[in-house]
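Shown next, in structure tokens, is the structure this report addresses.
Chains as they are written, first to last, in my numbering: chain D, 1 to 234; chain S, 235 to 526.
Below is the structure:
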């Protein structure tokens, strides 16, 4: 569904990604793991259109979308949940959600909103409160909810575990995994917290200093002790 | 005591107009983080257009409507022709560029309409109401001004809080990146902010012109008052702009009443300095602090 072909991206003067190729198939979670500075966020931001690649292509349903604008990419069906719980604190919970997918029909948006409230009941309970009143975990749910409001076929999750308690991270990621399986959503998950990410992912990809050093079934990668010591530091 | 009430009554309509001007400044600040020093130059220009339409057709109302439309257009033109290209290089450059636009508009107006002050008579009676055996400094025209301002502010607040486009504009102001990732065409929202500010400024211009005369530079002094009100309100707060716009109008009326109207800009400066000393982020601001 989402195919990344020999992508190279510079971030300032740094070569953040070098010749990265990977596939993100529908119906499952693909996890990209690696230490800080491995290029994970650059990968996500480039896929969402926030950074321009030096070389390589991004294909979505066989269409070349390299270099498209973020607002066009999300309309095609790729939604990014950026790092750091990107909600807008000045807006209410429901306004944050309604921001997603304004180009869609009224009926589509109403269906998505009902679905998001069913997935994350706490958002429904607090719909009229300011987003700044939510806890960290709730804000992460809100950020994912806003992405779902755009009716995506592919969901990009950038470091959702950052600053959250392990139990909450597991809950959120298991929910995302169910969603992928049930509705055929393609999920690309980028995580520093490798153990948790590999537990929900089907495929694991290890990124180090902008290059893919290993990819394969998530279970194998989780058990590869050498890999863990060398790149993941645990 | 009766003097006090007279001065306050006399300040209401100019306060309401200053509120509109401050609102226009805030709308532009929220969308592009630029203080538009050309805002009242744009308003002056569209008010001349209103005057021309009125002289041709005899209709004050038609003049107002055409001025509003012109305000939208001028706002969009200034945004796309000047602000966007300059801002791509440097934000403070864009603020300087608005001064350039102001000077250009004043020069252009002087060329087209001449530099001499022109009368812009009120469309309805501007002499005060009579009650309790005396004449109060509040006229039917003041009432029209007040009603227009209240209507416009309410209409804007409905657009901003109850419509999709209003939500998209607010989100674009608060966090453009998240707005884009949600599918909002942020650049259009910024242009729309300039357009609406142009419209609001145009209404303010047409309403304020009968209170003095119209010349290419006659609105310059209002920039001082509107800027003061907008900054004290927090620069990004629509409520703050309206509240402190009216407040500034009333303070100016009292200062002018008890001393002399030439002291008003000085008082505005004092208010501004006090605000920056004691509450630099503004009274209604969303942000915790602001560099002074």
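Idealized CB from N, CA, C, for every residue including glycine.
All values reported here derive from a predicted model rather than from experimental measurement.
Can you give the Cα-Cα distance for residue 308 of chain S and residue 126 of chain D, rounded to whole angstroms? 42 Å
Among the residues of its own chain, which have a CB less than 7 Å from the CB of residue 214 of chain D, if the five just before and after it don't count? 206, 221, 227
Give the DSSP-derived three-state secondary structure of residue 18 of chain D in the structure shown. strand
Anything in chain S within Cβ reach of residue 95 of chain D, meaning under 7 Å, just list it in chain order. 401
Please check the pair residue 84 of chain D and residue 175 of chain D, which I expect to be a contact at CB under 8 Å, by giving their CB distance rounded to whole angstroms. The pair is not a contact, with the Cβ atoms about 20 Å apart (cut-off 8 Å).
Residues, ordered as in the chain, of the segment 411-433 of chain S that lie near chain D by beta-carbon distance below 8 Å: 411, 412, 413, 414, 415, 416, 417, 418, 419, 420
If distances are taken between C-alpha atoms only, which option among D:138, D:135, D:197 comes closest to residue 218 of chain D? D:197
Please identify, using Cβ separations under 8 Å, the residues of the segment 93-117 of chain D that lie next to chain S, in order along the chain. 95, 98, 99, 100, 101, 102, 103
Report the option in D:188, D:164, D:172 whose CA atom is closest to the CA atom of residue 145 of chain D. D:172
Using a cut-off of 9 Å between C-beta atoms, extract the partners of residue 408 of chain S located in chain D. 88, 89, 90, 91
Check the Cβ-Cβ distances between residue 74 of chain D and every residue of chain S, and say whether any is below 8 Å. yes
Rounded distance between the beta-carbons of residue 370 of chain S and residue 243 of chain S, thought under 8 Å: 6 Å
Could you tell me which whole alpha helix (DSSP H) segments of length 4 or greater appear in the segment 398-440 of chain S? 398-408, 410-415
Across which residues does DSSP place residue 133 of chain D in a beta bridge pair? None, per the DSSP bridge assignment.
Could you name the residues of chain S that residue 80 of chain D contacts, counting a contact when the two beta carbons are closer than 8 Å? 415
Kindly say whether residue 359 of chain S, judged by its beta-carbon, lies nearer than 8 Å to any beta-carbon of chain D. no
Is residue 156 of chain D near residue 188 of chain D, with beta carbons less than 8 Å apart? yes
So for residue 525 of chain S, helix, strand or coil by DSSP? Confidence is the limiting factor: at residue 525 of chain S the pLDDT is only 42, short of 50, which leaves the residue's position unreliable, though a coordinate-based value still follows. If DSSP states are grouped into helix, strand and coil, residue 525 of chain S belongs with coil.
Taking a contact to mean a Cβ-Cβ separation below 8 Å, would you say residue 477 of chain S touches residue 464 of chain S in this structure? no
Using a Cβ-Cβ cut-off of less than 9 Å, list which residues of the segment 33-52 of chain D approach chain S; keep chain order. 48, 49, 50
Would you check if the distance between the CB atom of residue 518 of chain S and the CB atom of residue 467 of chain S is smaller than 8 Å? yes
Name the DSSP beta bridge partners of residue 368 of chain S, please? S:365
Rounded distance between the beta-carbons of residue 434 of chain S and residue 254 of chain S, thought under 8 Å: 6 Å
Inter-residue spacing [alpha-carbon to alpha-carbon] between residue 292 of chain S and residue 354 of chain S: 12 Å
How big is the Cα-Cα spacing for residue 366 of chain S and residue 411 of chain S? 60 Å
So for residue 352 of chain S, helix, strand or coil by DSSP? strand
CB contact flag (residue 527 of chain S, residue 101 of chain D, <8 Å): The structure shown does not extend to residue 527 of chain S, since chain S spans only 235 to 526, so no value can be given for it.
Identify the continuous alpha helix (DSSP H) that holds residue 114 of chain D and give its terminal residues. 106-119
When you compare only the Cα positions, how much space is there between residue 386 of chain S and residue 516 of chain S? 24 Å
Specify the secondary structure class of residue 152 of chain D as computed by DSSP and reduced to three states. coil
When the Cα atoms are used, what is the spatial distance from residue 99 of chain D to residue 349 of chain S? 48 Å
For residue 150 of chain D, which residues in chain S fall below 8 Å Cβ to Cβ? 416, 417
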